[in-house]
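These notes are about the structure you will find just below.
Number of protein chains: 2
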Amino acid sequence: MYIVGLMSGTSLDGIDAALVRMNNRGLKTETEMIDFITHPFPKDVEEEIIQSLSVNTSNVQLICSLNFKLGKLFSEATKEVCQKAGLPLKDLDLIGCHGQTIYHQPLQEQNMVPSTLQIGEPAVIAYETNTPVISNFRTMDMAAGGQGAPLVPYTEYVLYRSESKGRLLQNIGGIGNVTVLPKQATLDDMYAFDTGPGNMIIDEVCRQLFHRKYDEGGEIAKQGHVNEELLSHCLSHPYIMSHPPKSTGRELFGKQYVENLLKKFETVPGQDILTTVTMFTAKSIVENYRAFILPKTEIEEVIIGGGGSYNNTLIEMIQSLLGDSVTVLTQEELGFSSEAKEAIAFALLANETFHGKPSNVPSATGAKKAVILGNITFPPLKGSR
Amino acid sequence: MYIVGLMSGTSLDGIDAALVRMNNRGLKTETEMIDFITHPFPKDVEEEIIQSLSVNTSNVQLICSLNFKLGKLFSEATKEVCQKAGLPLKDLDLIGCHGQTIYHQPLQEQNMVPSTLQIGEPAVIAYETNTPVISNFRTMDMAAGGQGAPLVPYTEYVLYRSESKGRLLQNIGGIGNVTVLPKQATLDDMYAFDTGPGNMIIDEVCRQLFHRKYDEGGEIAKQGHVNEELLSHCLSHPYIMSHPPKSTGRELFGKQYVENLLKKFETVPGQDILTTVTMFTAKSIVENYRAFILPKTEIEEVIIGGGGSYNNTLIEMIQSLLGDSVTVLTQEELGFSSEAKEAIAFALLANETFHGKPSNVPSATGAKKAVILGNITFPPLKGSR
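Residue numbers (the numbering used here), protein chains in the order written: chain A, 13 to 397; chain B, 13 to 397.
In structure tokens form, the structure reads like this:
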């Protein structure tokens with residue numbers, strides 16, 4: 013079965029579209045990523061999305077119209093990824109569309125009830141592509157009392173759980189986050205927590221000292237030396253050794269943190285600072301494994317995703333800190349793609365719903381039970397029942 | 013198959029829920045209405061709906077939360093009508109929910125594209141009732157280039173088309189509207205137009221002269237006499253004899269029209285005025301039949317729906333004007349209900365979608381082709397595929 017997964021994140025970079033071939037379902041799912049594109053938003057649509065996100069600038073007409081506009085753009089992204097892969101649209105079997113989240117309220121607030129709102133009209137996508145669409149994945153989990161997020165745990169379980177290997181899925185976005193998948197795990201054996209900073213400190217140092225957005229390929233960090241005093245200072249941050257469950261955000265390791273650091277260590281050369289915060293990021297990840305995961309769970313592989321997987325210096329540091337008994341791999345080395353991860357996840361969730369199977373993880377979202385996520389919209393000519 | 017149809021109209025009276033038994037589909041559909049209720053909106057929800065309708069008072073948080081609140085209320089209406097009928101919820105097979113329209117923009121306006129927005133989260137309805145839900149009927153017709161309305165023609169075709177009788181479906185709401193269903197009609201043989209005033213003039217005269225909202229059962233009109241001069245004046249309105257297709261709204265026969273009438277005929281007793289405008293309403297309907305329908309189409313039955321079907325004086329006038337060759341019936345006499353008409357329509361449209369069949373009428377909505385309306389949301393335990 014050929015499925016396109018569509019995701020449009022809060023960063024508003026555009027629509028991620030992954031074309032995958034998928035057979036079977038559940039743990040028997042065979043997944044192969046065929047192609048991936050990011051379809052950028054036209055400037056005016058990006059502005060309308062930003063308007064729609066805020067209580068002060070949103071209104072019903074804007075949301076009504078934008079829902080249809082985004083439906084059109086999701087269908088264009090679908091056509092583009094199929095064309096790039098050389099797959100005729102008529103051979104596409106299913107689309108799984110996360111949509112664009114414009115509001116997410118996990119908890120009651122005054123007279124506003126827990127609820128979530130994704131837009132990108134599935135009827136428009138189904139009509140324009142002539143393909144069945146599964147969409148609105150988060151609402152059913154919330155109807156069942158969950159927070160509607162995270163929905164990735166089920167997909168990580170299906171894609172990475174192994175009969176013979178314990179695996180860690182390390183995401184390195186702004187923040188570092190690890191999902192633990194013991195060998196032969198059940199869904200209940202999985203757990204996840206934030207390890208600490210991801211690219212956040214590295215990127216901020218790049219901006220302040222090198223006027224670059226990030227350290228491409230880790231090239232700058234590769235040329236410097238670790239300053240042990242700075243490294244010790246960083247590692248003394250109480251978050252690193254605090255016990256999971258734990259989660260962090262931009263407030264602990266953001267701009268203010270880096271400004272204080274640069275002031276305190278202003279005599280250290282810029283290159284060495286970048287090398288040292290890269291090592292700190294690697295160590296914060298590995299120290300968390302050593303303290304909280306490795307003592308109780310046998311781990312053979314660490315699979316790294318997110319923007320940080322493209323920082324070769326960071327990856328090499330992690331591998332070197334872990335030693336030879338653990339293999340560090342990137343999503344790309346497994347035939348996936350860090351960029352495509354979420355789009356692939358929604359292709360996989362669509363596949364489950366298409367087979368009438370639940371795919372939320374109640375222990376992750378807080379839902380009262382496992383439920384079938386999303387609804388299905390039928391195109392005019394094929395997919396009739 | 014037991015189906016609940018749910019409708020919540022722009023009048024904000026509450027949620028109409030009709031429980032029907034339906035077998036087969038298309039022209040073979042057998043429909044029996046089992047029960048009907050109107051579930052009123054709590055005052056605060058009604059106020060939130062009103063807020064959500066306007067560009068000035070709506071916002072994304074309100075719409076996100078209200079979508080879930082209405083989902084809950086639609087599920088309560090479903091439970092209530094099943095309980096009233098003594099049907100255990102577990103025996104309910106399907107729900108068709110129109111939802112609450114909060115915006116409908118059939119045509120492009122500046123940078124806002126043609127679009128429509130109905131809310132009342134189907135995941136909440138499906139979860140709370142444990143029943144599959146078909147919802148969002150209008151979006152696919154708009155995706156196909158239609159105006160998303162009217163959707164009733166298909167349901168009228170299925171419910172009233174006859175092999176042996178030509179039928180007129182006369183709706184008497186504020187405005188009068190007739191749908192023509194010739195004997196052995198195809199969908200393309202159907203057509204509809206506004207005959208002129210429905211209850212609009214009668215109700216406004218009641219308010220101004222009798223301080224009542226309407227003439228209950230036609231009791232006041234029954235006691236007066238027709239004033240021929242006033243009647244001739246009314247019948248001279250150019251709308252009555254103008255050629256279909258034609259449509260009218262509140263602007264032609266509204267408050268201003270009645271005020272002018274009462275001023276010009278201030279010497280006529282109030283009761284006679286009411287009797288005369290009731291006769292005018294009857295005549296405007298029947299004259300339209302005589303001029304534009306009966307010369308070319310054989311008609312055996314006129315089936316009257318809408319609030320006007322409860323005005324016995326009006327119905328008797330229509331019957332008497334038509335003579336014995338045509339039988340005038342109300343929805344109630346056929347086992348249906350004027351109040352329940354739209355809720356039944358969405359049960360029927362859900363039935364078609366559940367069978368994978370299109371149910372818009374492109375000649376009525378302007379869509380480029382027939383499409384499958386709505387999407388399906390599956391409950392946690394039954395309805396899995």
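Quick reminder that beta carbons are idealized off the backbone N, C-alpha and C, glycines included.
Helix, strand or coil for residue i? Go by DSSP, reduced to three states.
| i | result |
| --- | --- |
| N123/B | coil |
| L286/A | helix |
| L3/B | The first residue shown for chain B is 13 and the last is 397, placing residue 3/B beyond what the model contains. |
| L163/A | coil |
| I15/A | strand |
| V340/B | strand |
| L181/A | strand |
| S174/B | coil |
| I316/A | strand |
| S349/A | coil |
| S147/A | strand |
| D103/A | helix |
| S23/B | coil |
| V383/B | coil |
| K394/B | With a pLDDT of only 48 at K394/B, under the threshold of 50, the placement of this residue in the model should not be trusted, and no figure is reported. |
| G266/B | coil |
| F48/B | strand |
Is there at least one Cβ from chain A nearer than 9 Å to residue i's Cβ?
| i | result |
| --- | --- |
| M124/B | yes |
| S296/B | no |
| E140/B | yes |
| P257/B | no |
| A29/B | no |
| E217/B | Rather than Glu, the amino acid found at residue 217/B in this sequence is Val. For V217/B, the answer is no, since every Cβ of chain A falls outside 9 Å of its Cβ. |
| G161/B | First, the amino acid is wrong: residue 161/B is Ala here, not Gly. Not closer than 9 Å to any Cβ of chain A, the Cβ of A161/B fails to qualify, so no. |
| L129/B | yes |
| C94/B | no |
| S396/B | Confidence is the limiting factor: at S396/B the pLDDT is only 38, short of 50, which leaves the residue's position unreliable, though a coordinate-based value still follows. True, the Cβ-Cβ gap to chain A drops below 9 Å. |
| E351/B | no |
Looking at C-alpha atoms only, which residue of the options is the closest neighbour of residue i?
| i | options | result |
| --- | --- | --- |
| I75/B | G26/A, T128/A, L85/A, I107/A | T128/A |
| I384/B | C109/A, N36/A, V136/A | V136/A |
| D215/A | L326/A, G98/A, S371/A | L326/A |
| K225/B | M212/B, K234/B, S20/B | M212/B |
| Q117/B | A155/B, I146/B, Y139/B, L99/B | A155/B |
| C94/A | N123/A, I49/A, P126/A | I49/A |
| K381/A | N142/B, M34/B, R150/B, A29/B | N142/B |
| S371/A | Y169/A, Y115/A, Q112/A | Y169/A |
| I126/A | Q112/A, G157/A, F149/A, K96/A | The amino acid at residue 126/A is misidentified as Ile; the sequence shows Pro. It is G157/A whose Cα lies nearest to the Cα of P126/A. |
| G83/B | R37/A, E42/A, T151/A | T151/A |
| N363/B | E88/B, D25/B, L243/B, Y166/B | Y166/B |
| G26/A | M34/A, D103/A, N71/A, G111/A | G111/A |
| Q73/B | Y115/A, F277/A, A97/A | Y115/A |
| L119/A | T389/A, G386/A, T377/A | T377/A |
| K295/A | I330/A, G185/A, K40/A | I330/A |
| P256/A | I297/A, L273/A, V280/A, L243/A | I297/A |
With a cut-off of 9 Å, does the C-beta of residue i fall near any C-beta of chain B?
| i | result |
| --- | --- |
| T22/A | no |
| Q73/A | yes |
| H116/A | yes |
| M152/A | yes |
| I401/A | Not covered by the structure: residue 401/A. The range shown for chain A is 13 to 397. |
| L306/A | no |
| F86/A | no |
| T260/A | no |
| F80/A | yes |
| S66/A | yes |
| E364/A | no |
| V238/A | no |
I'd like to confirm something about residue i: is its beta-carbon nearer than 8 Å to some heavy atom of the ligand FAD, or not?
| i | result |
| --- | --- |
| A362/A | The ligand content of the structure shown is nil, which means the ligand FAD is not present either. |
Practice problem: Output the residue ranges of the alpha helix (DSSP H) runs that lie fully inside the stretch 200-251 of chain A and measure 4 residues or longer, sorted by chain position. | Solution: 212-217, 231-235, 240-247, all fully within the stretch 200-251 of chain A.
Exercise. Kindly confirm or deny that the stretch 98-107 of chain A and the stretch 52-66 of chain A touch, where touching means at least three C-beta pairs closer than 8 Å.
Key: no
Practice problem: Specify whether the stretch 344-358 of chain B and the stretch 15-22 of chain B touch according to this definition: at least 3 beta carbon pairs, one from each stretch, less than 8 Å apart. | Solution: yes
Quiz item: Does the stretch 315-333 of chain B come close enough to the stretch 224-244 of chain B that 3 or more CB-CB pairs lie under 8 Å?
Solution: Touching, yes, given that three or more Cβ pairs across the two stretches are closer than 8 Å.
Quiz prompt | Three CB pairs or more closer than 8 Å across the stretch 185-199 of chain A and the stretch 333-346 of chain A | solution = Between the stretch 185-199 of chain A and the stretch 333-346 of chain A there are fewer than three C-beta pairs closer than 8 Å, too few to call the two in contact.
Quiz item: On the three-pair Cβ rule with 8 Å, is the stretch 75-91 of chain A touching the stretch 120-134 of chain A?
Solution: Output reads yes: the stretch 120-134 of chain A touches the stretch 75-91 of chain A.
Quiz item: Which residues, in order along the stretch 34-58 of chain A, keep a beta-carbon less than 8 Å from a beta-carbon of chain C?
Solution: Among the protein chains in the structure shown, which are A and B, there is no chain C.
Self-check item: Touch test, the stretch 298-316 of chain A against the stretch 264-272 of chain A, Cβ-Cβ under 8 Å, three pairs minimum
Solution: no
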